[in-house]
Structure formats: C-alpha cells, structure tokens
Amino acid sequence: MTESRAKKLSLLLKGLTVLTSLGGLLVSIFEARAHGYSHWSKRFLYFTAQSNVWIGGTMLAFLVCALFRKKPPAFLYVLKYIFTVSITVTFLVFTCLLGPFGDPSYHLWAFSSWLTHILAPLFAVADFFVDREFIPLRRGQVWICVLPPLAYSTFVVLLELFHVDFGRGLIYPYFFMDIRSPVGFFGFSKELPYFAGTFYWFLLLALLVLGIGTLYLRLHERKENSTR
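Position one of the sequence shown corresponds to residue 62 (our numbering), numbered consecutively onward.
Written out as structure tokens, the structure is:
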C-alpha cells in the first residue's frame, strides 16, 4: 500500500471510529429507557461508554488536526495507543463473556451495542496498524495502559460502597465487579458465575491489559522497522 493510500485509509478508519463510538453512544442514550435504564446518564457509568468516549474523542482530535493540516502532537499518539488497548478490552470482555453469557434483558446485541462493542473497537485497532505516522512508543508506556481500567475499577468500587444504582436497580455494572457477591472480594466458590472474588477479576483484567498492550507495542515496533 502506498503512503498516500495508507494515509487516506487511516483517516477513513478514524472517521469510522468516531462515527461508531460517539454515534453509538448517542444511539444508546435514545435507547436507554427502552432497555430498562432509569436515566440515560446511567449509560456512562459503564466501561463500554467510557472507553468509547476516550477512543472517539482521541480520533476526533486527529481528524481536527488533519482538517487544519496540523501535525498531531506526540501525546495524541500515546493516547491512541492507550485507548486502543482499552477499547480492545471492551471488545474482548463483551465477545467472550458478556455477549454469550450476559442477561438478555440488557439488550446486549442491540444496534448501539454492535456499534460500541464490535465496530468501534475493530475500526480503532485497524487504524492503529494502518496509520503510518509514527512516534516511538517506549516499552514502559505499556504500564500506562493499566491506568484507565484501574481508574474505572476504583470508581466502581467507590460507587458500590455508596450504593449507587447503575441504572437497572443494581449497585454494580458487571457481575464480576460485584463486591457483595457470595464470594466477596477475595473468595472462591463452585457457584457460577461467582466462582472467584472481585479482586481476582481485577487482577485478570490487569494482566489482560498488559498482555494486549505488550502485543500492540511489539507489533507497532515491527511495523515501524519494516517501513524504514
């Protein structure tokens, strides 16, 4: 692929990411009442919404730079890396866990869900590898990828302690973040889906993030070396 075509494709993928992430969130706001949420704002208490805001806002910033023919600042590329990892986690948790085994009353396969859980992550990941505007990503930056999920997990635990409703009468967003489940924070059980405490799910999430971040970083380095 020529440099010119790669640049055009990258801009297209950024635009599609913005459209599916931020557009998908807008659709989810209009669907909120029909899907059983007490208020549309409750949608933003979920990692799906927050990760889509992060990646959608970052890609929009790139498009604004392109519109005004300005070179994007280096920190935007770092943010794209971090938030591409976050939106990948959204995709994997949904397709491997929530989508197949979640409560059908959550309308998990609604149009907005397809946009925010499937299409936005795929477009964002595709752009990460198509974009040929490189900045060196340092190995240590993989640890920064843990910060968004860590901040969200802390946010959720605090809301649970204060009994905040996540929109459907529950004080937790996902079953594996229920600190008041039968296994609590550190326990184990043979009862599904509560076979491990919240702490272990958080640990698994952190390892997943580090694994994805490391993989993307190495693939990015390989892509950068191959185009020199």
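Even glycine gets a Cβ: it sits at the ideal position worked out from N, Cα and C.
Since we're looking at a predicted model, the values are computed, not measured.
Which of helix, strand or coil DSSP assigns to residue i
i	result
F236	helix
F249	strand
T63	coil
F216	helix
G274	helix
L231	coil
F223	coil
P243	coil
Residue from the options with nearest C-alpha to residue i
i	options	result
S38	R94, W115 and F246	Residue 38 cannot be examined here, being either before or after the span of the chain that is shown, 62 to 289.
R66	S112, F144 and V191	V191
R130	N113, G160, K68 and S112	K68
L70	E194, V225, L269 and F249	E194
L211	L231, G117 and L271	L271
L269	V203, S242, D226 and F247	V203
Opposing strand residues paired with residue i [DSSP bridges]
i	result
F257	Checking the displayed sequence, the identity of residue 257 turns out to be Ala instead of Phe. DSSP lists F249 as partners of A257.
Q. Touching or not, the stretch 72-91 and the stretch 169-181, by the rule of three or more beta carbon pairs under 8 Å?
A. yes
Curious, which full-length beta strand (DSSP E) runs of at least 3 residues does the stretch 72-155 contain? none
Q) Is the stretch 134-141 close to the stretch 107-114, with three or more CB pairs under 8 Å? A) no
Counting pairs of Cβ atoms below 8 Å between the stretch 149-164 and the stretch 120-134, do you hit three or more? no
| request: Any chance you could list the alpha helix (DSSP H) runs of at least 4 consecutive residues sitting entirely within the stretch 159-208, in chain order? | output: 181-191
How do the stretch 267-281 and the stretch 248-258 stand: do at least 3 beta-carbon pairs fall below 8 Å, yes or no?
no
- Message: I want to know whether the stretch 113-121 touches the stretch 225-241 - three or more CB-CB distances under 8 Å.
- Response: The stretch 113-121 is not in contact with the stretch 225-241.
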